[in-house]
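**Q**
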Ligand SMILES: Cc1cc2nc3c(=O)[nH]c(=O)nc-3n(C[C@H](O)[C@H](O)[C@H](O)COP(=O)(O)OP(=O)(O)OC[C@H]3O[C@@H](n4cnc5c(N)ncnc54)[C@H](O)[C@@H]3O)c2cc1C
């Protein structure tokens, strides 16, 4: 399904040319070397550069995108690396944006899921277990089988889990990883019309549900398609909208009448479509053009799978009585439960750090791993670093953020090991390529300034085919081979 051939590169180059950008400039802007883009892990291994002779035992918790990219870059940079990765899941999905494509039938599960062992850098030790207890005062941690692991430096890259316990009716799923192959996820959603792209198996069910809805809409049935966005931080905040745009595109592809038969509504807990005004305005206009609706301040709290009803907590504020003490009106918080019948439901579940880490001595009050957001060092323990979805960093929960963070982390860690000042800084860059249709993407790049920070000299609020090529065909090898070999 996924193209990796010369035609694709030519097509990308032609699109670049049409937009007045040479391929060389584009790769420079993306921070890539043309050759590095399609290297296999072994080829990348062969071309590693030694930069430091400093020695220390480094333990990385989590063998996902952030963990393996960091392990690979450290392996490339150290002449005598001593790196251990602890990871309980034998399978991995580092190009998780591919799940969105699975949900719309554009990728298959095999396109994104791989055996972790095939991507562990040569020389790195893998412990196939879960870190369950942290003792940062003694520089040790315990894994679930009982072994104690010591370290000189610890990197926490354990991502996040999907917290289904917060949705009534789905509680028995408990904590689920994106790449989890738990049979109960499939059993829970199969044939129900409800599912989520945040788990890879469930993404395949999302596509089954979508196809069923399209068939029914084609034959004249009126349907309700409902999309949620929870009240917690989530990875890739744009994904719940992307699957909605793709369903709209798939329905239009089937027929104009099929699309007209489906009422599509997005129910976010928040009161904005996007945190950056320029992208928010663009998205609202895109929704209007497509006749997709949104209703703010609705948090999904229950799913009645049998009855096909989603229950939302709708909340708002009202002006209360005048309070002479504060010389202002009191604000009353109001809420009501709203039952929404659905034929198709996309659930973006609440998310949290794995509790064994979030609630441990290295966790923050809110259950993430607190770091100095620019240098990625733990706020309390100077030999602990964290990055990726689990780190308590604003806008940090995307693969695009990890791509910037892991280089900063490695540079700073090596400086610290060498007794030098840590000079590398993460500036909060993140990217959310909003898929607005089959063949169009709006490349929403921004940082802590909450202003667009486009890598290319093009209006970032425009939907473009060129970003579709990038997202659908180029970012996957760039992530899975480029980042996981520590080079991109
Ligand atoms: C549907 C979807 C769409 C997305 N779209 C985009 C997009 O368009 N653009 C973008 O940039 N990003 C996107 N993302 C987000 C991006 O994929 C993540 O931000 C990125 O994968 C985070 O990497 P990570 O290493 O922090 O977490 P992961 O890659 O999830 O890895 C964490 C690893 O830690 C392991 N782990 C957990 N607990 C423990 C423990 N106690 N001990 C040891 N190991 C543990 C897990 O098993 C897992 O392998 C999307 C994600 C999804 C799900």
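Residue numbers (the numbering used here): 26 to 513.
No residue lacks a Cβ here, since even glycine has one placed at the ideal position from N, Cα and C.
1. If we ignore side chains and look at the alpha-carbon of each, how far apart do residue 122 and residue 511 end up?
2. Can you tell me the Cα-Cα spacing of residue 135 and residue 424, whole angstroms?
3. Measuring straight from C-alpha to C-alpha, what distance separates residue 176 and residue 439?
4. In the DSSP assignment, find the unbroken alpha helix (DSSP H) run with residue 426 in it and report its ends.
5. What does the alpha-carbon distance come out to for the pair residue 245 and residue 463?
6. Note down, in chain order, each residue of its chain lying with its Cβ closer than 7 Å to the Cβ of residue 213, except the 5 sequence neighbours on either side.
7. Any heavy atom of ligand 1 closer than 6 Å to the beta-carbon of residue 414?
8. Using 8 Å as the cut-off, can you tell me whether the segment 84-91 makes contact with the segment 178-190, which would need three or more C-beta pairs spanning the two stretches below that distance?
9. Judging by CA-CA distance, which residue of 327, 42, 37, 486 is the nearest neighbour of residue 299?
10. Give a single yes or no on whether residue 477 has its beta carbon closer than 6 Å to a heavy atom of ligand 1.
11. Under the three-state reduction of DSSP, which class applies to residue 269: helix, strand or coil?
12. Consult DSSP for residue 360 and reduce its assignment to one of helix, strand or coil.
13. Return the chain-ordered list of same chain residues with a C-beta closer than 7 Å to the C-beta of residue 274, the five sequence neighbours on each side being excluded.
14. Nearest to residue 480 by CA position, among 504, 499, 454, 498, is which residue?
15. Please report how far the alpha carbon of residue 418 lies from the alpha carbon of residue 396, in whole angstroms.
16. Expressed to the nearest angstrom, what Euclidean distance is found between the alpha-carbon atoms of residue 285 and residue 133?
17. Residue 380 lies in the alpha helix (DSSP H); which residues open and close that run?
18. Are the CB atoms of residue 338 and residue 324 nearer to each other than 7 Å?
19. Give the secondary structure of residue 93 by DSSP, where H, G and I count as helix, E and B as strand, and everything else as coil.
20. Helix, strand or coil for residue 58, going by three-state DSSP, please let me know.
21. Can residue 108 be considered in contact with ligand 1, in the sense that its beta carbon sits closer than 6 Å to one or more heavy atoms?
22. By Cβ distance below 7 Å, which residues in the same chain neighbour residue 96 in space, the five residues on each side in sequence not counted?
23. Report yes if the C-beta of residue 422 is less than 6 Å from at least one heavy atom of ligand 1; otherwise report no.
24. For residue 430, count neighbouring Cβ atoms within 10 angstroms of its own Cβ and tell me buried if that reaches 16, exposed if not.
25. Verify the contact flag: residue 514, CB atom, against every heavy atom of ligand 1, threshold strictly below 6 Å.
26. Identify the continuous alpha helix (DSSP H) that holds residue 289 and give its terminal residues.
27. Any chance the segment 346-361 sits against the segment 237-257, with 3 or more Cβ pairs inside 8 Å?
28. Expressed to the nearest angstrom, what Euclidean distance is found between the alpha-carbon atoms of residue 58 and residue 224?
29. Got a sec? Which residues, its chain only, sit under 6 Å from residue 344 by beta carbon, not counting five neighbours each side?
30. Find out if the Cβ-Cβ distance for the pair residue 458, residue 373 is shorter than 7 Å.
31. Quick one: complete alpha helix (DSSP H) runs, 4+ long, within the segment 449-511?
**A** In short:
1. Residue 122 and residue 511: Cα-Cα distance of roughly 19 Å.
2. Their Cα atoms are separated by approximately 19 Å.
3. Taking the straight line joining both Cα atoms gives about 15 Å.
4. Run containing residue 426: 424-442, per the alpha helix (DSSP H) assignment.
5. Near 24 Å, if we compare the C-alpha coordinates of residue 463 and residue 245.
6. For residue 213, where only same-chain residues beyond five positions count, the Cβ hits under 7 Å are 195, 198.
7. Residue 414: yes, Cβ under 6 Å from ligand 1.
8. In this structure the segment 84-91 touches the segment 178-190; the number of beta carbon pairs closer than 8 Å is three or more.
9. Of the listed residues, the one whose Cα sits closest to residue 299 is 486.
10. Residue 477: no, Cβ never under 6 Å from ligand 1.
11. Helix.
12. In the structure shown, residue 360 sits in a strand (DSSP, three-state: E or B).
13. In the same chain as residue 274, and ignoring 5 residues on each side of it, the C-beta atoms closer than 7 Å to its own belong to 462, 463, in chain order.
14. Distances from the alpha-carbon of residue 480 to those of 504, 499, 454, 498 put 454 closest.
15. Rounded to whole angstroms, residue 418 to residue 396 spans 7 Å at the Cα level.
16. Each residue's Cα considered, the two are about 28 Å apart.
17. In the DSSP assignment, residue 380 falls within the unbroken alpha helix (DSSP H) covering 380-383.
18. At the C-beta level, residue 338 and residue 324 come within 7 Å of one another.
19. Reduced to three states, the DSSP call for residue 93 is helix.
20. The predicted position of residue 58 is uncertain, since its pLDDT is 44 and thus under 50; a value taken from the coordinates is nonetheless stated next. In this structure, DSSP gives residue 58 a state outside helix and strand, which the three-state scheme calls coil.
21. Not one heavy atom of ligand 1 falls within 6 Å of the beta-carbon of residue 108.
22. Counting only Cβ-Cβ distances below 7 Å, and skipping sequence neighbours, we find 85, 108, 110, 146, 149.
23. Inclusion of residue 422 in the 6 Å shell around ligand 1 follows from its C-beta lying nearer than that to a non-hydrogen atom of the ligand.
24. Residue burial is scored here from C-beta neighbours: residue 430 has at least 16 other C-beta atoms within 10 angstroms and is therefore classed as buried.
25. Outside the displayed range of the chain (26 to 513) lies residue 514, so it cannot be described from this structure.
26. No alpha helix (DSSP H) contains residue 289, which is instead part of the beta strand (DSSP E) from 287-293.
27. Contact fails between the segment 346-361 and the segment 237-257, because fewer than three Cβ pairs, one in each stretch, are under 8 Å apart.
28. Confidence in residue 58 is poor, its pLDDT being 44 and thus under 50, which makes the residue's placement unreliable; the coordinate value appears in the next sentence. One C-alpha to the other measures close to 32 Å.
29. Beyond the five residues adjoining it in sequence on each side, residue 344 comes within less than 6 Å, by CB distance, of 354 in the same chain, given in chain order.
30. No, the Cβ-Cβ distance between residue 458 and residue 373 is not below 7 Å.
31. Unbroken alpha helix (DSSP H) stretches of 4 residues or longer found wholly inside the segment 449-511: 490-494, given in chain order.
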